[in-house]
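Numbering (full-length UniProt numbering) for the sequence shown: 1 to 1196.
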Amino acid sequence: MNHKFASSNKHALRIKNHLNAQEDIEDGKPPFSACTTDREAWRLVVEKDLGRLKWKYLNTQNERDSRPQDLVSRFFLGLPLAIPDSEATKSPSQSISNGLRFHSRLQVAGRGCWADDLKCIVFVTPMLIMSWYITGAEIEEAYAIELANYLFTIQDPTDGGFPTHIGGKTTLMGTMLIYVALRLMGIPSDEKHLIKARACFLEMGGAVYLPSWAKFWLSLLGLYGWEGTDPYPVELWLLPEWTPISPWRWYNIVRQVYLPMCYLSSKRFTMPSNPLLDEIRTEIFTEPYSSIKFASLQGCVLECERHQPQSRVLRTASWALSNVWNPWLRPRVLAVSAERRALEIIKASDNTFNGTGLISLDCFLNMIVFYCEEGPNSKKLKQSQERTLEYLWFSPQGMQVQSIHGAHTWNTSFALQTLVISGVSDHPDLRGCTEDAYKFLLEQQFLDDWPDSPPCHRPSRLGGWPFTTRYHGSTCSDCTGEALKAILLVESQTNIPRLSTEKNIRLAIDHMLMIQNASGGYSSFEPIRSGPFLEHLNGTELFANVMTEYDYTETTSSCITALSLFRERDSSYRAEEVVNAIDRGVRFIHQNQQIDGGWLASWGIAYTYGAFFAMEALHCANETYENHAVVKRGCDFILDKQKEDGGWGETIESIMKKTYIQAESSHVVQTAWCCMALIYADYPDPEPIRRGIRLIMSRQKPSGEWEQEAGVGAGIFTWKLTISDTEDDIDALRRFTSGRWLWREQEQVACRYVKFELQELLGIAASVVAAQSCARVLKTSEGQYNKVFLLTMDNGHEIVAKLPNPNAGRPHFTTASEVATMDFLRNVLNLPVPQVYAWSSRATGSPVGAEYILMEKQPGVMLSDVWDSLKEKQRAQLVLQVVDFEKILAATKFNGFGSLYYKDDLHSSVDTLSLYVDNSGNEVQSTKFSIGPTNHRTFFDFGSGSLDIDRGPWTSVVEFAKAVAKREIATVKSELKYPLMPEGLFYGPRQYQPIAAKKLSTLHNYLKVAPYTLPENSATHASVLWHGDLNLQNIFVDPKEPTRILGIIDWQSVRLPENFESLNPVEQQKAKVLHQAQTLHNLYLARSRQINPVVFEAIQGQKTLRHQVSVIPGLTIMDYEPCLNSLLRDIQKEWPSIVGQDSDGASSIPCPLQFSADEVEEQERDVELWAQGVRLMEEFTSDTGCFKHWDGRVNE
1 MNHKFASSNK HALRIKNHLN AQEDIEDGKP PFSACTTDRE AWRLVVEKDL GRLKWKYLNT
61 QNERDSRPQD LVSRFFLGLP LAIPDSEATK SPSQSISNGL RFHSRLQVAG RGCWADDLKC
121 IVFVTPMLIM SWYITGAEIE EAYAIELANY LFTIQDPTDG GFPTHIGGKT TLMGTMLIYV
181 ALRLMGIPSD EKHLIKARAC FLEMGGAVYL PSWAKFWLSL LGLYGWEGTD PYPVELWLLP
241 EWTPISPWRW YNIVRQVYLP MCYLSSKRFT MPSNPLLDEI RTEIFTEPYS SIKFASLQGC
301 VLECERHQPQ SRVLRTASWA LSNVWNPWLR PRVLAVSAER RALEIIKASD NTFNGTGLIS
361 LDCFLNMIVF YCEEGPNSKK LKQSQERTLE YLWFSPQGMQ VQSIHGAHTW NTSFALQTLV
421 ISGVSDHPDL RGCTEDAYKF LLEQQFLDDW PDSPPCHRPS RLGGWPFTTR YHGSTCSDCT
481 GEALKAILLV ESQTNIPRLS TEKNIRLAID HMLMIQNASG GYSSFEPIRS GPFLEHLNGT
541 ELFANVMTEY DYTETTSSCI TALSLFRERD SSYRAEEVVN AIDRGVRFIH QNQQIDGGWL
601 ASWGIAYTYG AFFAMEALHC ANETYENHAV VKRGCDFILD KQKEDGGWGE TIESIMKKTY
661 IQAESSHVVQ TAWCCMALIY ADYPDPEPIR RGIRLIMSRQ KPSGEWEQEA GVGAGIFTWK
721 LTISDTEDDI DALRRFTSGR WLWREQEQVA CRYVKFELQE LLGIAASVVA AQSCARVLKT
781 SEGQYNKVFL LTMDNGHEIV AKLPNPNAGR PHFTTASEVA TMDFLRNVLN LPVPQVYAWS
841 SRATGSPVGA EYILMEKQPG VMLSDVWDSL KEKQRAQLVL QVVDFEKILA ATKFNGFGSL
901 YYKDDLHSSV DTLSLYVDNS GNEVQSTKFS IGPTNHRTFF DFGSGSLDID RGPWTSVVEF
961 AKAVAKREIA TVKSELKYPL MPEGLFYGPR QYQPIAAKKL STLHNYLKVA PYTLPENSAT
1021 HASVLWHGDL NLQNIFVDPK EPTRILGIID WQSVRLPENF ESLNPVEQQK AKVLHQAQTL
1081 HNLYLARSRQ INPVVFEAIQ GQKTLRHQVS VIPGLTIMDY EPCLNSLLRD IQKEWPSIVG
1141 QDSDGASSIP CPLQFSADEV EEQERDVELW AQGVRLMEEF TSDTGCFKHW DGRVNE
């Protein structure tokens, strides 16, 4: 017995029909009586009721003998097929014959259709298991065993995670949902696969960072607080059908999924807890469940999983619903009425879809709704539980859940067309197969309209065909076109007796004429009923462009080719409308062709698929290579992509990047599509077609089969889920997504938007560490001025990519200075600073299209992560290390003021014989580094970046002090305003009135005394490198030895300050970083006084008059001129002691400042009003929870 099936309690999924006789499952015993099933015992059976297909396990040998396993079952199970080899293929016709004979054997006996494996989204499998668990379903053990085994096989062996789609990389959602599902099935938490999975999702932050749909499902289980989920307003279902945002205008799949989600969310349905759920609740979070404030986590999603970020409109609406409407304004009577309406629609839809749902998700959710509404003994619940088994599908890889109910009509339509067009349908061996397929398609047409209107409001389905079967209930436009084509071909090109009626054929024509869009194109299920603005309400966070219908080349082709075939048969019925519909469809296909000649499809991969359908449609309009430029461009495009072996092959990347991406090898299906496209185009040279056909024939097996190669299907359930670098996703990386602003939001967002080419950045990153590609992109940090991504390469290397926002500083200089500074610190001063691998300070001309720095990931952990766990002695050791680092910085004194650069990056620099003086007093020259303009944000923020002002470099601190004052003068004259929350409440009645004249007068007075008012100790005027934001997040320590600092990051705004007096006070920085621990602060001061006396003197001098009068001028834009005036009056009083006295006791230099009595009185009144305004602001911020200089930003 395999230990992986050992259970921890009795509260797991209910199991019946155990494969081996045993007693009830007890704690510690295996939940299943066997580790695997016998593949020979599985059968794909046709249920008598409506001809449903379902996999069934035959437990006894007698059952197996009485119902032998057929070829169809064995084919999907991946078992050997007892099919004799066909005649050796010598010609294309023989190859066709052999292929059709093989394919005919896979027709479902007694049904006439061809089945298909439509599993593609992995997370629907755990969602079905959760649905069974919630509703108390009792599942046959054979199903449970195979589902569990399959999930284990798709686990990533490296990181232990699971994907959200087949073939994808590990995601938090896939890993979490599958982990929970396996636990619900009884797999214990200490099973090896689950241990790895748990470590994986906890490393990604746990359940709090799941996308909204995953949080919704965990809330149903009681594993997540409803208050932390997105709101799904059930009141939407009360909106009239004609309103722009009515659900009846949405894409039908999204509509049907959100319907039960709205109902269950409104009901706040949660299944009763039990010991197993209690265990799981402790396993999926990084902190105790009871301490989690779920309401604050709404919209909190791991960035790498937010494939489709929610729009600003939706985020705002969600906030209003959660914080205003639901708790304060929502009338209970309205909620009850909406719930009643939603339930009515759910029941009506369930009857229409015969319990299958439109897709898997609404089927599973409806089952929970029936359990919630009618209880465990509900007839509808039992029916739904039984219907879910139709979504289970076997493949050689195992059993999984299909995303879509099936593709019986779609598959059968193409198979039947092939039989007829190939001219073999009348052959005795294939005639019966053809007749059965023909009958099957005839039976699937909808000859009645929707039975659920009202309360539902859907476009008519009368005359259409479904994607799967009629009992599934919903029409599909291209399925209607392809089914009608197959029927018309049978009736026109074979001698099989006609079984259709002209009335039914005309119903199909009526249907296709009705559903054509104004553009001339056709969408997938329903006509377009709303515009793309609805995408602003897309809250799936998983799929793009799913809120409304869109036109597609392939669906348009299916419909107009069917109309063209009908016109050949009947040129009288609605003749003018049919011709007009065909012409409009052809024009749409013309317009949909890209400049390079390709057609990008959406439901198949991709340009080859689009070319096949587009050329078929244009062929019906008699457009060929010789007579039409569109067809010629299309052929040229295809031929340009043909491989040396004669085939074609492209990957799903073509859809993602919207350009043809060659696969490593040719694909037999895509080769067939391209050959058909060239044939439809009447391409004059047969050689490219012959080469493609030879490749197709070479891949055929002796049995006549072509083996399945890479998948070529697409659609919202595959490629729109697998997107990792589409324009929408890349734009989410470019945008600021860590907050919102209550005012000036557009401006704030714009100055934090960085447009860059992700693939180029990843390519450079891979090359610097000898990797082939980047396996993962994680947006790890988003401050006010930079975007930071953690790039994980396929060889395991991790690289940090840092891209400055437009508000980070002057283009080029900010990045250039940061790189040079890090180089100097790392390689000259030997400080622990990350290594830079590659960088560019020029956005123009760079393949990335933006400034960037690629650097090593700093080893260790942030000090903030371990600070609270450190003892006082350990904290003290860290403080001493910080002082040691500062000593190294303070001991290196530069011969200029500004920022540090590479010489090659500057047009001008400080012309000195030496760059700096080292700690031994030696003058050091440099051919590599130089001092250039400052990149400090005060010279660029709030519009000052556009001013023509002196930004250095400066040779003396006096020059710097004057430059600061002149900067403020230029700011005042340009009428620039401080855009953040002001220092105080000014400008009102009986309040301080800041005016330009006062600011200018004060600044000019300061300039008169600036050369004389610097701090007395000239040693504190030295130009040194200094970290302006040394906090717990910027210090990295060894996790095993947390008293050892491994590195310091974020050197972007490091500058060469005019003196230590202007550094932010240590009491406000260091002590705040160290949680304002007074003992540690005193230790810092004592150690600094001992080994770093210059820094100590600078700290002690912060409250002196000279220090204050040197700092305040730079704050004039913030209305500090009353304070500066007050300081200047003090300077006037202290002037003799500042400049010295002569022998007569008079000032050695006359004081340039003179204030009249009226001026003094006005200035004193201004100071009083200013202080009053500051007190009022402090009271306001205290009462509202805001903070000084707030820019209106709030967390999302």
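Note that beta-carbon positions come from the ideal geometry of N, C-alpha and C, so glycine has one too. Since the model is a prediction, treat every value here as computed from it, not as a measurement.
Exposure of H907, with buried meaning 16 or more beta-carbon neighbours within 10 Å: exposed
Limits of the unbroken alpha helix (DSSP H) element including E140: Note, E140: premise wrong, no alpha helix (DSSP H); beta strand (DSSP E) at E138 to E140.
L442 versus I487 - alpha carbon distance: 8 angstroms
Simplified DSSP state of M855, which is helix, strand or coil: In the three-state reduction of the DSSP assignment, M855 falls in the strand class, which pools E and B.
Reference I139; option with closest CA among T175, S453, M547 and K16: K16
CA nearest to the CA of L81, picked from R461, L639 and P702: P702
Buried versus exposed call for P92 [16 or more other C-beta atoms within 10 Å across all chains shown]: exposed
Whether L19 touches V72 by CB criterion (8 angstroms): no
R633 versus H511 - alpha carbon distance: Distance between the alpha carbons of R633 and H511 is about 33 angstroms.
Where W213 sits in the DSSP three-state scheme: helix
Three CB pairs or more closer than 8 angstroms across the region 342-352 and the region 445-462: As far as the Cβ criterion goes, the region 342-352 touches the region 445-462, which means the pair count is three or higher.
Under 8 angstroms between C-beta atoms of V578 and I509: yes
Nonlocal neighbours in the same chain, by C-beta distance under 6 angstroms from C521, ignoring five residues either side: Before going on, a small fix: residue 521 reads as Gly here, not Cys. Excluding residues within five positions, the ones whose Cβ falls inside 6 angstroms are D551, T556 and F588.
Local Cβ density within 10 Å of T722, reported as buried at 16 or more and exposed below that: A caution first: T722 carries a pLDDT of 25, below 50, which makes its placement in the model unreliable, though a value can still be read off. Its Cβ being crowded by 16 or more others within 10 Å, T722 is buried.
Contact belief for S413 with A483 at Cβ below 8 angstroms, rounded distance in angstroms: 5 angstroms
Presumed contact (8 angstroms Cβ cut-off) between L1169 and Q991, rounded CB distance: 6 angstroms
Residues near I496 by beta carbon distance below 7 angstroms, same chain, minus five either side: T434, E435, Y438 and V490
Cross-strand partners of E1178 (DSSP beta bridge): E1178 pairs with nothing; no bridge assigned.
Nearest-angstrom Cα separation, counted from V586 out to A621: 7 angstroms
Simplified DSSP assignment, three categories, for P327: helix
Delimiting residues of the alpha helix (DSSP H) encompassing W132: V124 to T135
Identity of the residue in L762, M793, V800 and Y916 nearest F824 by Cα: Out of L762, M793, V800 and Y916, Y916 has the C-alpha closest to the C-alpha of F824.
Cα-Cα separation, F929 to M127: 60 angstroms
Assigned secondary structure, S767 (DSSP; H/G/I helix, E/B strand, else coil): helix
Limits of the beta strand (DSSP E) - the one that Y57 falls within: Unbroken beta strand (DSSP E) run through Y57: L53 to Y57.
Buried versus exposed, by CB contacts within 10 Å (16 or more), E707: exposed
Beta-carbon spacing of A207, Y224 below 8 angstroms: yes
Strand pairing of residue 1235, partner residues [DSSP]: No statement about residue 1235 is possible, as the shown extent of the chain runs from 1 to 1196 and does not include it.
For C774, three-class secondary structure by DSSP: strand
Extent of the continuous beta strand (DSSP E) run through R14: R14 to K16
Segment contact, 8 angstroms Cβ cut-off, at least three pairs: the region 562-569 with the region 247-263: Short answer: they don't touch.
Under the three-state DSSP convention, the category Y609 falls into: helix
Enclosing beta strand (DSSP E) for A681 [first to last residue]: Here A681 belongs to no beta strand (DSSP E), and DSSP marks it neither H nor E.
In DSSP terms, what Y901 is bridged to: S930
Reduced DSSP secondary structure (H/G/I, E/B, other) of M176: helix
Inter-residue Cα distance where the pair is E1179 and T1104: 28 angstroms
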